[in-house]
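All remarks here apply to the structure that follows.
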Amino acid sequence: MEKAENSFIDPPNPRKDIEDLQAYSAPLEGRRNLLRLDFNENTIGPSPLVIKSLREISRDEISIYPEYSGLKEKVVENLIKQTSSVNINSSEIGVFNGVDAAINAIFHAYGDHNDLMLTTSPTFGYYTPCAQMRGMKINSIPYEGKDFQYPFDSICKFIIQNNPKILLICNPNNPTGTRLSPERIIEITKLSSRTLVVVDELYEAFTGDSVLPFVSFQTTPNLVVLRSLSKTAGLASLRIGFAIGHSKVINIVNRVTGPYDVNSFAVIAAFAALKDQSYIDSYVKEVLEARNWIKDQFEKYHVKHHIDGGNYFLLWPKSKPEVVEQKLKSSGILIRNMDTKRNLKGSIRVSIGTTEQMKRFWSAYKIVDEV
Ligand SMILES: Cc1ncc(COP(=O)(O)O)c(C=O)c1O
Numbered sequence: 004m005e006k007a008e009n010s011f012i013d014p015p016n017p018r019k020d021i022e023d024l025q026a027y028s029a030p031l032e033g034r035r036n037l038l039r040l041d042f043n044e045n046t047i048g049p050s051p052l053v054i055k056s057l058r059e060i061s062r063d064e065i066s067i068y069p070e071y072s073g074l075k076e077k078v079v080e081n082l083i084k085q086t087s088s089v090n091i092n093s094s095e096i097g098v099f100n101g102v103d104a105a106i107n108a109i110f111h112a113y114g115d116h117n118d119l120m121l122t123t124s125p126t127f128g129y130y131t132p133c134a135q136m137r138g139m140k141i142n143s144i145p146y147e148g149k150d151f152q153y154p155f156d157s158i159c160k161f162i163i164q165n166n167p168k169i170l171l172i173c174n175p176n177n178p179t180g181t182r183l184s185p186e187r188i189i190e191i192t193k194l195s196s197r198t199l200v201v202v203d204e205l206y207e208a209f210t211g212d213s214v215l216p217f218v219s220f221q222t223t224p225n226l227v228v229l230r231s232l233s234k235t236a237g238l239a240s241l242r243i244g245f246a247i248g249h250s251k252v253i254n255i256v257n258r259v260t261g262p263y264d265v266n267s268f269a270v271i272a273a274f275a276a277l278k279d280q281s282y283i284d285s286y287v288k289e290v291l292e293a294r295n296w297i298k299d300q301f302e303k304y305h306v307k308h309h310i311d312g313g314n315y316f317l318l319w320p321k322s323k324p325e326v327v328e329q330k331l332k333s334s335g336i337l338i339r340n341m342d343t344k345r346n347l348k349g350s351i352r353v354s355i356g357t358t359e360q361m362k363r364f365w366s367a368y369k370i371v372d373e374v
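The sequence shown begins at 4 in our numbering and counts up by one.
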């Protein structure tokens, strides 16, 4: 048979949901050697124990598939050490290639075509594409008022009326810092046993109001809590995060991941980071001190700002956000433009690092926006 050279002009069609998808995109390139206040990462790097353990990785370790034994137990041990009333066991921990992968897996395992995903707006940008990939319908309720209060009553009403399949609560919320108390989260979990309530606690270390010490997954099986070593522990590039929930839920969510999705470097670094919790604690303390310092400057200079939970704040510069973004970049500082986000027109988001780093930011910002 004669070979038809050009018979396939287009590649095969993807699934319709994927063809229509607006993928999560973030300005990730060219960030080295700058003061990175754009992704809420740890700005000083991980514990020296992490660096040491990575340097000591053997050739064998690289050529064999990763092993995970003892990691979940270590996570449980650390959580209990931090708050003795935490009541969980290792079968309630899932290990993922970053919390992003945990979020995607939860949607993959629980979200069906035309199911409802409920969340708030503005919030972390990866929930929506994950829901869209599954062909889910999305309902996002805006934060309320000038200080971005959690729309608790509207969320409750919506759950009672619609029984959404997944509710995503980012607590504290990125980018508004909005906090929701453990008591209110528990109230929400009681509204519908058919709704999986996912609480993304990525920035919980900066507020200390986790729901974990207040729940037992035996009695609250529709709750999943997400934690990561990306931000406070400084392992963002290695990709490791945890989903914590009822053992049946964790088992189900783990079914949609590959057997070795989390690599050995991440596992080794995680053990070292968890062993040095005091390093994480002292970094968090430093960020909170820097937060107070920068907040004082905003108040002193009457700068329009919003600062709540998390290692970040919002500013409304007098100039256009993209101009401020560009000018700060020219001074070696990266921030995030929030101009197109719902209710955040004219704003930028800035991550909080050490006081020294905040002083550097503030000196540059005062010139750029003529404060
Ligand atoms: C609220 C929130 N959840 C999840 C993530 C992703 O975390 P990870 O690095 O563990 O994938 C981020 C990262 O910015 C985030 O802000």
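Note that beta-carbon positions come from the ideal geometry of N, C-alpha and C, so glycine has one too.
Measuring alpha carbon to alpha carbon, tell me which of the options ends up nearest residue i.
{"i": "Gly128", "options": "Ser28, Phe220 and Thr358", "result": "Ser28"}
{"i": "Val202", "options": "Leu170, Thr223 and Thr210", "result": "Leu170"}
{"i": "Lys344", "options": "Glu70, Asp63, Pro145 and Tyr304", "result": "Pro145"}
{"i": "His111", "options": "Asn257, Ile283, Pro262 and Thr358", "result": "Asn257"}
{"i": "Pro69", "options": "Ser231, Ala273, Ser233 and Asn295", "result": "Ala273"}
{"i": "Asp311", "options": "Glu95, Thr181 and Lys303", "result": "Thr181"}
{"i": "Gln152", "options": "Ala134, Arg187 and Tyr130", "result": "Arg187"}
{"i": "Thr222", "options": "Arg35, Gly248, Ala26 and Ile83", "result": "Gly248"}
{"i": "Arg242", "options": "Val252, Arg230 and Asn90", "result": "Arg230"}
{"i": "Phe209", "options": "His309, Glu292 and Leu337", "result": "Glu292"}
{"i": "Asp150", "options": "Thr358, Leu347, Leu82 and Glu204", "result": "Leu347"}
{"i": "Thr46", "options": "Val327, Lys303 and Ile283", "result": "Ile283"}
{"i": "Lys288", "options": "Gly349, Thr357 and Gly261", "result": "Thr357"}
{"i": "Gly261", "options": "Glu59, Ser72, Ala26 and Asn100", "result": "Asn100"}
{"i": "His116", "options": "Lys168, Ile54 and Glu95", "result": "Lys168"}
{"i": "Ile172", "options": "Lys160, Ala26 and Ser143", "result": "Ser143"}
{"i": "Gly244", "options": "Asn107, Ser66, Cys159 and Ser157", "result": "Asn107"}
{"i": "Tyr71", "options": "Ile54, Asp264, Ile189 and Gly211", "result": "Asp264"}
{"i": "Glu328", "options": "Ile297, Cys159 and Val353", "result": "Val353"}
{"i": "Lys298", "options": "Met361, Ser157 and Tyr130", "result": "Met361"}
{"i": "Gly148", "options": "Glu359, Val326 and His309", "result": "His309"}
{"i": "Pro49", "options": "Ile60, Leu232, Glu204 and Glu190", "result": "Leu232"}
Report the partner residues of residue i according to the DSSP bridge assignment.
{"i": "Phe274", "result": "In the DSSP output, where bridge partners are listed per residue, Phe274 has none listed."}
{"i": "Leu229", "result": "Asp203 and Ala246"}
{"i": "Thr122", "result": "Ser143"}
{"i": "Arg352", "result": "Leu317 and Arg339"}
{"i": "His309", "result": "Leu317"}
{"i": "Leu158", "result": "According to the sequence provided, residue 158 is Ile. The question's Leu does not apply to it. For Ile158, which the question treats as bridged, DSSP gives no partner whatsoever."}
{"i": "Gln152", "result": "Glu147"}
Please confirm whether any heavy atom of ligand 3 lies closer than 8 Å to the CB of residue i.
{"i": "Asp311", "result": "Ligand 3 is absent from the structure shown, which contains only ligand 1."}
Return the Cβ separation of residue i and residue j in integer angstroms, given the expectation that the two are a contact with Cβ distance under 8 Å.
{"i": "Asn166", "j": "Ser195", "result": "5 Å"}
{"i": "Met136", "j": "Ile21", "result": "6 Å"}
{"i": "Asn314", "j": "Lys369", "result": "About 21 Å; that fails the 8 Å criterion."}
{"i": "Val78", "j": "Leu277", "result": "7 Å"}
{"i": "Ile269", "j": "Ile109", "result": "Per the sequence presented here, residue 269 reads as Ala, with Ile not at that position. Not really, about 19 Å apart at Cβ, beyond 8 Å."}
{"i": "Leu24", "j": "Pro125", "result": "Contact doesn't hold; Cβ gap of about 19 Å is too wide."}
{"i": "Pro216", "j": "Val374", "result": "Going by Cβ atoms, the distance from Pro216 to Val374 rounds to 41 Å, so no, they are not a contact pair."}
{"i": "Thr198", "j": "Ile162", "result": "6 Å"}
{"i": "Asp342", "j": "Pro320", "result": "10 Å between Cβ atoms; not a contact."}
{"i": "Val200", "j": "Asn225", "result": "6 Å"}
Taking the CB atoms as reference points, tell me whether residue i and residue j lie closer together than 9 Å.
{"i": "Thr192", "j": "Val228", "result": "no"}
{"i": "Phe220", "j": "Ser240", "result": "no"}
{"i": "Lys332", "j": "Leu31", "result": "no"}
{"i": "Leu317", "j": "Pro178", "result": "yes"}
{"i": "Tyr286", "j": "Gly237", "result": "yes"}
{"i": "Ile355", "j": "Asn340", "result": "no"}
{"i": "Ala105", "j": "Gly97", "result": "yes"}
{"i": "Val371", "j": "Lys330", "result": "yes"}
{"i": "Ser213", "j": "Thr122", "result": "no"}
{"i": "Gln300", "j": "Trp365", "result": "yes"}
{"i": "Ile271", "j": "Glu80", "result": "no"}
{"i": "Asp41", "j": "Ile338", "result": "yes"}
{"i": "Asp75", "j": "Ser56", "result": "It is worth fixing the name first, because residue 75 is Lys in this sequence and not Asp. Not closer than 9 Å, so no."}
{"i": "Leu82", "j": "Ala275", "result": "no"}
{"i": "Lys84", "j": "Asp118", "result": "no"}
{"i": "Glu95", "j": "Ile253", "result": "yes"}
{"i": "Arg294", "j": "Ile336", "result": "no"}
{"i": "Ala367", "j": "Ser334", "result": "yes"}
{"i": "Ile91", "j": "Ser267", "result": "no"}
{"i": "Lys303", "j": "Gly138", "result": "no"}
At 4 residues or longer, and completely inside the segment 166–212: list those alpha helix (DSSP H) runs for me, N to C.
Listed in chain order, they are 185–192.
4 or more residues per run - each alpha helix (DSSP H) lying fully within the segment 26–69
The DSSP assignment places 51–58 and 62–66 as complete runs of the alpha helix (DSSP H) inside the segment 26–69, in order along the chain (cut-off: 4 residues).
Start-end ranges of the beta strand (DSSP E) lying completely within the segment 83–138, minimum 3 residues:
With a minimum length of 3 residues, the unbroken runs of beta strand (DSSP E) contained wholly in the segment 83–138 fall at 96–99 and 119–124.
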